[in-house]
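S.K.: Residue numbers for the sequence shown follow the numbering used here, so the first one is 646 and each next one is one higher.
Glycine residues also receive a C-beta, built at the ideal position from the N, C-alpha and C atoms.
Note that the structure is predicted; figures quoted are calculated from it, not measured.
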Amino acid sequence: VLDDATSAVDAETEAAIFDALRGVRTRATLVLAHRRSTLTLADRVAVLDGGRIIDTGTVDELDERCPLFRALLAGGDENEHSDAAPEPRTEPSAAMLWPDDALEAASNPGGAMPPAGAGGGGTHGAAMAGAFGSLAPTHAISDAVAALPPATEEPGGSGQQLRRPDPEFRLSRLLSPVRLLLAGVVVLLALDSIASIAFPSLVRYAVDSGVARGDSDTLWIATSIGVALAAASWFVVCATTVLTARAGERVLFGLRVRSYAHIQRLGLDYYERELSGRIMTRMTTDVDALSSFIQTGASTAVVSVLTVVGIAIALLVTDTTLGLVALAVVPPLAVATVVFRRISSAAYSTSRERISIVNADFQENVTGLRAAQAYRREEYAASRFAERSNRYRASRMRSQTAISVFFPFITLLSDVALAVVVFVGAHQIATGTATAGTLVAFVLYLGLLFGPIQQLSQVFDGYQQARVGVGRIGDLLRTTSSIETATATGSGAVVGDRLNADIDLVDVSFRYAGAHSDALSEVSLSIPAGTTVALVGRTGAGKSTVVKLLARFYDPTSGSVRVGGHDLRDYRLSDYRHRLGVVPQEAHLFTGTIASNIAYGRPDASRADIENAARSVGALDTIAALRGGMQQPVGERGQGLSAGQRQLIALARAELVDPDLLLLDEATATLDPATERKVLEASNAVARTRTAVVVAHRLATAARADLIVVVDGGRIVEVGRHSELRKRDGFYATLWAAAETNRGNNSIVNGVIDNEADGYR
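Okay, here's the thing in structure tokens:
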């Protein structure tokens, strides 16, 4: 099954592939074709329209009797060879483009129409709302939601400040905006610790002065004070919880925004060397570990430390001998803590790396599910995933083993200390050197001492995870972009409202990270403003690399790209890219609607602007044919749309921003010739006012350009117009001959390009 499998390769490579496929006649082959050249593989051809097969036959038979076949592969009107004038086209109505609005207007004639925002109307931004989106809420739920207080609190800190690069990232900078909240938390926790420490002394006073002497007034006073301490402790816990949550969420908000903004600034080379799962782990698992520690662990740690220090002092003040006996367990506890820290820290670092691999493997297999199912690799993928998950489990078990030894050891120390204190205290009571109240207070103090120590050990586990997470996030934020962004602060050349200028590549060489050879070698090229330039050559010749350098996704290894006489690195990056329109071979669409995807580069665009952009690239009819029109839900990465539909939407998106420089990296490869002709004709009209660089594997597309640049092995080998290059009998002529041999350019003589009308230059 070949699903337009050769659309991304050049004509010469396509010819070699076809020759190899023709040599194998022992298999059944199903080919989905957009090029006429692909049909040379077929014994029979089926024409589909509207989900139905409307005709089958050989290429010659369908050419003779099937108007749709001729229109699709010739790219022209089925009556283009007739003297009759073509019927005027009827443009889709507003009801076809915005059907949800029409339905709402019909059901509510006197009601207001939804706003004409770029996101469409009927879906109201909930393209993926799911099956429960149609269920009406009950009155009880509606009343409960309405009764909730409004969420008016702002996280603090300007968005611009949070998104600013921070190569010297420190956690203290994140905590700075919430320092007052944290100070309030510390004060409250100190009060809570004082109340906890005072309670055993209060019990001692009640036992020695009330119970032993039979003084009920003393017992009532002690009880009242105890109730007051308990109430105060409850209030402190409530206030601490609220303040800690606010401080923690503000810190995490800042960290997420800062991390995401930095990821957006990084060059493409970072994503080429980093696993996507590792990036996701830093944004999720690492941030969540810090979240858990800030909101629960940090406050627990402060209370525990203050409590332990206070109780240690109280033990020594109450009875020095018993205090020294109880604190004798501190040295072995300290040694155990140091050992646990080393083991757990290494285990957590290993676990994070391995869960990153697991996440990346999961994401890759979900993305490539069709390939796995087509080649029956589900079992292999599941086995590999299980192996990697098992390695993650093993690293987690190492840390859990350390926990299983460390925490019980602390319990053992507390039990031993309690037993020894009771033994020594009983002896002191027997000899009259201590009172029963002192021993009771000591036992209570020991409970309060080892409780916080156990909590500290558990918090320490969370601290280790948060520490590893902060370290990994810090590494991310300290990663510098391969694209120099120093000019983003305003020191570069100013880009005005328009950028109509000549573009020059001056001795440009470029090598991808980790590669052993240059993708481009000493390339020099001049592109006059307003010119359409086509880049052609074999697959892997370096054509797309030129486009990436022009878009400044990368900077040259040597040489320079100059626009209007200025080095591209002297321009403010955001201003320069604001004047670009980029359409890659595989367009990425975002979850939302077709309208929101077209307006992605101009979110404030009106419906009229969106429609005009779609009309300019010939996408209006295609969009109107969809059930939801402009409001058609779009799934993740364009799910629910065909490759050609996605590409038309991407072309409309580029058209809407009205770029000065239009970069098309084989942008029409997935379109049928008829649709391609519409796009190319529309592009010709709009390209007169802008510079366009087109990567073309279909030489019919390249022939329309003002200038053709032939790239081979990372070097420019030929430059000229179509007619000139064919006469030279060089590399371009060889590619053209290969395409014609396979009828790859047959669409030219059948209407995609008319020799007489367009006049190859």
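1. Tell me which residue opens and which closes the beta strand (DSSP E) that L1150 is part of.
2. Could you pull the start and end residues of the beta strand (DSSP E) that A1439 belongs to?
3. Any contact of the segment 954-967 with the segment 1067-1079, i.e. 3+ C-beta pairs under 8 Å?
4. Smallest Cα separation from G1092: which of F844, S1166, D1305 and L1344?
5. Report the three-state DSSP secondary structure of V1339 (helix, strand or coil).
6. Output needed for P1173: all residues of its chain with C-beta closer than 7 Å, excluding positions within five of it in sequence on either side, in chain order.
7. Spell out a yes or no on whether the segment 1052-1069 and the segment 972-987 are touching, meaning 3 or more CB-CB pairs, one atom from each, closer than 8 Å.
8. Measuring only the C-alpha atoms, how far is F1007 from R918?
9. Please confirm whether V1356 and K1188 have their CB atoms less than 8 Å apart.
10. How would you call D1305, buried or exposed, if buried means at least 16 neighbouring beta carbons within 10 angstroms?
11. CB D914 to CB S1127, shorter than 8 Å?
12. Can you give me the start and stop residues for the alpha helix (DSSP H) that D1254 sits inside?
13. What is the rounded straight-line gap between the Cα of G764 and the Cα of A1288?
14. Checking 8 Å against the spacing of the C-beta atoms, do V1208 and G1246 come in under that value?
15. Measure the alpha-carbon distance for T1408 versus A1005 and round it to whole angstroms.
16. To the nearest angstrom, report how far apart L874 and Q1109 are at their CA atoms.
17. Are the CB atoms of F1235 and T1202 nearer to each other than 8 Å?
18. Do D1266 and P737 come within 8 Å of each other at the CB atom, strictly closer than that value?
19. Can you give me the Cβ contacts of V1339 inside the same chain, cut-off strictly under 6 Å, excluding the 5 residues immediately before and after it?
20. State the CB to CB distance for the pair A946 and V1104, rounded to an integer number of angstroms; the pair is presumed to be in contact (CB under 8 Å).
21. Quick check on E723: does DSSP put it in helix, strand or coil?
22. Let me check understanding here. Comparing Cα to Cα, which of E1032, V1262, L847 and S1241 lies closest to Q1277?
23. Write down the C-beta distance between R895 and V823 rounded to the nearest angstrom, noting that I regard them as a contact closer than 8 Å.
24. Would you grab the beta carbon distance between R1335 and L1370 for me? Rounded to a whole angstrom, and I think it's under 8 Å.
25. For the 8 Å Cβ check, are there 3 or more pairs between the segment 1215-1224 and the segment 1373-1383?
26. Would F985 be called buried (16 or more neighbouring beta carbons within 10 Å of its own) or exposed?
27. How far does the beta strand (DSSP E) with V1061 in it extend, from its first residue to its last?
28. Please check the pair D837 and V948, which I expect to be a contact at CB under 8 Å, by giving their CB distance rounded to whole angstroms.
29. Could you check how far apart the C-beta atoms of T658 and R1183 are, in whole angstroms? I think they sit under 8 Å.
30. Please list the segments of the alpha helix (DSSP H) lying wholly inside the segment 893-939, counting only runs of 4 or more residues, in order along the chain.
31. Spell out the partners DSSP gives V1279 in its beta bridges.
32. Suppose the cutoff is 8 Å on Cβ atoms and the five residues either side in sequence are ignored; what does the same chain contact list for V932 look like?
33. Given this structure, state the Cα-to-Cα distance separating V646 from Q1290, to the nearest angstrom.
34. Using a threshold of 8 Å, state whether the C-beta atoms of Y1025 and S996 are closer than that.
35. Hey, could you find the ends of the beta strand (DSSP E) I1353 is sitting in?
36. Just to confirm my understanding: we take Y850, look at its own chain, exclude 5 residues before and 5 after, and list those with CB closer than 8 Å. What are they?
M.R.: Quick look at the numbers:
1. Sequence index remark: in the sequence shown, residue 1150 carries index 505 (1-based). I1148 to F1155 is the extent of the beta strand (DSSP E) around L1150.
2. Any property of residue 1439 remains undetermined from this structure, which presents the chain solely from 646 to 1406.
3. At 8 Å Cβ cutoff, the stretches touch.
4. Taking the first residue of the sequence shown as position 1, residue 1092 is located at position 447. Of the residues F844, S1166, D1305 and L1344, the one whose Cα lies closest to the Cα of G1092 is F844.
5. By 1-based counting over the sequence shown, the position of residue 1339 is 694. V1339: strand per DSSP, three-state reduction.
6. Indexing the sequence shown from 1 puts residue 1173 at position 528. Around P1173: D1147.
7. Because the criterion of three Cβ pairs below 8 Å is met, the segment 1052-1069 and the segment 972-987 touch.
8. In the sequence shown, counting from the first residue as 1, residue 1007 sits at position 362. In the sequence shown, counting from the first residue as 1, residue 918 sits at position 273. Approximately 18 Å, taken between the alpha carbons.
9. Here the question's residue 1356 lines up with position 711 in the sequence shown. Here the question's residue 1188 lines up with position 543 in the sequence shown. Closer than 8 Å, so yes.
10. Counting from one through the sequence shown, the residue named residue 1305 turns up at place 660. It is buried - the Cβ of D1305 has at least 16 other Cβ atoms within 10 Å.
11. By one-based count along the sequence shown, residue 914 stands at place 269. By one-based count along the sequence shown, residue 1127 stands at place 482. Contact flag set, yes.
12. Mapped onto the sequence shown, residue 1254 falls at position 609. Bounds of the alpha helix (DSSP H) holding D1254 are R1252 to S1261.
13. The sequence position of residue 764 within the sequence shown is 119, counting from 1. The sequence position of residue 1288 within the sequence shown is 643, counting from 1. Only weak support is given to the placement of G764: the predicted model assigns it a pLDDT of 42, under 50, and the value that follows is read from those uncertain coordinates. Approximately 21 Å between the Cα atoms of the pair.
14. As a first step, residue 1208 is located in the sequence shown; it is residue number 563 there, counting from the start. As a first step, residue 1246 is located in the sequence shown; it is residue number 601 there, counting from the start. Cβ distance not < 8 Å, so V1208 and G1246 don't count as in contact.
15. Any property of residue 1408 remains undetermined from this structure, which presents the chain solely from 646 to 1406.
16. Here residue 874 is taken as the residue at index 229 of the sequence shown, counted from 1. Here residue 1109 is taken as the residue at index 464 of the sequence shown, counted from 1. Looking at the two C-alpha atoms, the distance is approximately 34 Å.
17. By one-based count along the sequence shown, residue 1235 stands at place 590. By one-based count along the sequence shown, residue 1202 stands at place 557. With respect to T1202, F1235 sits apart: the two C-beta atoms are not nearer than 8 Å.
18. The residue you call residue 737 lines up with position 92 of the sequence shown. The residue you call residue 1266 lines up with position 621 of the sequence shown. Yes. Within cutoff.
19. Within the sequence shown, numbered from 1, the residue matching residue 1339 stands at position 694. Closer than 6 Å at Cβ, skipping near neighbours: A1179 and L1309.
20. For the purposes of this step, residue 946 is taken as the residue at position 301 of the sequence shown. For the purposes of this step, residue 1104 is taken as the residue at position 459 of the sequence shown. About 5 Å; that satisfies the 8 Å criterion.
21. Sequence index remark: in the sequence shown, residue 723 carries index 78 (1-based). Unreliable placement is indicated for E723, whose pLDDT of 37 sits below 50; no coordinate value is reported for it.
22. Taking the first residue of the sequence shown as position 1, residue 1277 is located at position 632. Measuring from the Cα of Q1277, the nearest candidate turns out to be S1241.
23. Residue numbering aside, residue 895 sits at position 250 when the sequence shown is read from its first letter. Residue numbering aside, residue 823 sits at position 178 when the sequence shown is read from its first letter. That belief holds up - the Cβ atoms of R895 and V823 are roughly 5 Å apart, short of 8 Å.
24. Indexing the sequence shown from 1 puts residue 1335 at position 690. Indexing the sequence shown from 1 puts residue 1370 at position 725. Distance from R1335 to L1370 at the Cβ level is roughly 24 Å; contact not present, criterion being Cβ atoms closer than 8 Å.
25. They do not touch, by the three-pair rule.
26. What you label residue 985 is simply residue 340 of the sequence shown in a count that begins at 1. With 16 or more Cβ atoms within 10 Å of its Cβ, F985 is classed as buried.
27. For this step, residue 1061 is matched to residue 416 along the sequence shown. Annotation: V1061 is outside any beta strand (DSSP E); the continuous alpha helix (DSSP H) that includes it extends over E1023 to T1076.
28. Walking along the sequence shown from the start, residue 837 turns up at place 192. Walking along the sequence shown from the start, residue 948 turns up at place 303. Contact holds; Cβ gap of about 6 Å.
29. If you number the sequence shown from 1, residue 658 lands on position 13. If you number the sequence shown from 1, residue 1183 lands on position 538. That belief holds up - the Cβ atoms of T658 and R1183 are roughly 6 Å apart, short of 8 Å.
30. Taking only runs of at least 4 residues, the alpha helix (DSSP H) segments lying wholly in the segment 893-939 are 913-918, 921-928 and 930-937.
31. Reading the sequence shown from its first residue, position 634 is the one you call residue 1279. Partner(s): G1237.
32. Here residue 932 refers to the residue found at position 287 when the sequence shown is read from its first residue. Non-local C-beta neighbours of V932 in its own chain, meaning closer than 8 Å and more than five positions away in sequence, comprise L897, L900, R901, S904, G1114 and I1118, ordered along the chain.
33. Mapped onto the sequence shown, residue 646 falls at position 1. Mapped onto the sequence shown, residue 1290 falls at position 645. For V646 and Q1290, the distance between alpha carbons rounds to 21 Å.
34. The sequence position of residue 1025 within the sequence shown is 380, counting from 1. The sequence position of residue 996 within the sequence shown is 351, counting from 1. The beta carbons of Y1025 and S996 sit no closer together than 8 Å.
35. Along the sequence shown, read from residue 1 onward, the residue named residue 1353 stands at position 708. Start and end: L1352 to D1357.
36. Taking the sequence shown and counting its residues from 1, the one referred to as residue 850 is at position 205. Closer than 8 Å at Cβ, skipping near neighbours: T863, A867 and G1082.
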